[in-house]
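So the structure is just underneath, and the comments pick up after that.
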Amino acid sequence: MAVLPIRKFGDDVLRVPTEIVSDIDAGVQKFIDDMIETMYAAPGIGLAANQVGVSKRIAVIDLSVGKRPDELHVCVNPEIIELEGQQNESEGCLSIPDFTETVVRPLRAKMRYLDRNGRQREMWGEGLMARAMCHETDHLNGGLFVDHLRGLKKDRILKKIQKLVKSGMW
Ligand SMILES: [Zn+2]
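The opening residue of the sequence shown carries number 889 in the working numbering; numbering runs sequentially from there.
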């Protein structure tokens, strides 16, 4: 297994919708293991394939960050199929390090995906889990959490990031 470099805001690969995985072959299995190791090393609670430069529709989520094995979800070709309610909490992203901002998200989300054995699954998530599911599927569609911000909040965070990029510290 290997820890892969995480792409940051400004990298084009984060803005391209990822491709559906048609075959979960040995190469994909190895890549999934690398994604899990990269997420834990960061550390983070979720990672999308395009965050490590691979434009495939795969995400990993683990709210326990490796502490409880049953909380690791490998999601191939995930789609959000139902949303309920609303929550207003702080959110961050491994591709936008050291920035957090309040993002409005659904309180509950239902996701359909294939597990790493190719079995179709459906899962309801609530609270932070719903947030992670929406955040990672956004990534796979070429989105980032800052896209959900508006007005001054958005201007402020983008200005700070651009400053960092310019100074070579990004
Ligand atoms: Zn993210």
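Don't be surprised by glycine CBs; every beta carbon is placed ideally from N, CA and C. Computed from a predicted structure; not experimentally measured.
Look at residue 984: its beta carbon is less than 8 Å from one of the heavy atoms in ligand 1. Using a cutoff of 8 Å, the CB of residue 1032 counts as near ligand 1, since one of the ligand's heavy atoms is closer than that.
One thing to note: residue 977 has its Cβ within 9 Å of the Cβ of residue 1016. In chain order, 938, 943 and 1030 place their CB closer than 8 Å to the CB of residue 904, counting only its own chain and leaving out the 5 sequence neighbours on each side.
The three-state secondary structure of residue 957, taken from DSSP, is helix. Looking at the DSSP output, residue 952 shares a beta bridge with no other residue. Its chain contains 948 as the residues whose beta carbon lies nearer than 6 Å to that of residue 924, once the 5 sequence neighbours on both sides are disregarded; these appear in chain order.
In the DSSP assignment, residue 1050 falls within the unbroken alpha helix (DSSP H) covering 1039 to 1054. Between the region 1035 to 1046 and the region 914 to 928, the count of Cβ pairs shorter than 8 Å is below three; the stretches do not touch. Residue 979 and residue 999 do not touch by the CB rule: their CB atoms are close to 17 Å apart, not below 8 Å. Scanning 941, 935 and 964 for the CA closest to the CA of residue 950 turns up 935.
Burial state of residue 890 is exposed, judged by a 10 Å Cβ sphere holding fewer than 16 other Cβ atoms. Of the other Cβ atoms in all chains shown, 16 or more fall within 10 Å of the Cβ of residue 892; this residue is therefore buried. Relative to the non-hydrogen atoms of ligand 1, the Cβ of residue 963 never comes closer than 8 Å to any of them. Between the alpha carbons of residue 1011 and residue 992 lies a distance of about 21 Å.
If you draw a straight line from the Cα of residue 994 to the Cα of residue 1026, it comes to about 13 Å. Here residue 944 is bridged, per DSSP, to 907. DSSP, reduced to helix, strand and coil, places residue 889 outside both helices and strands of the structure shown, so it counts as coil.
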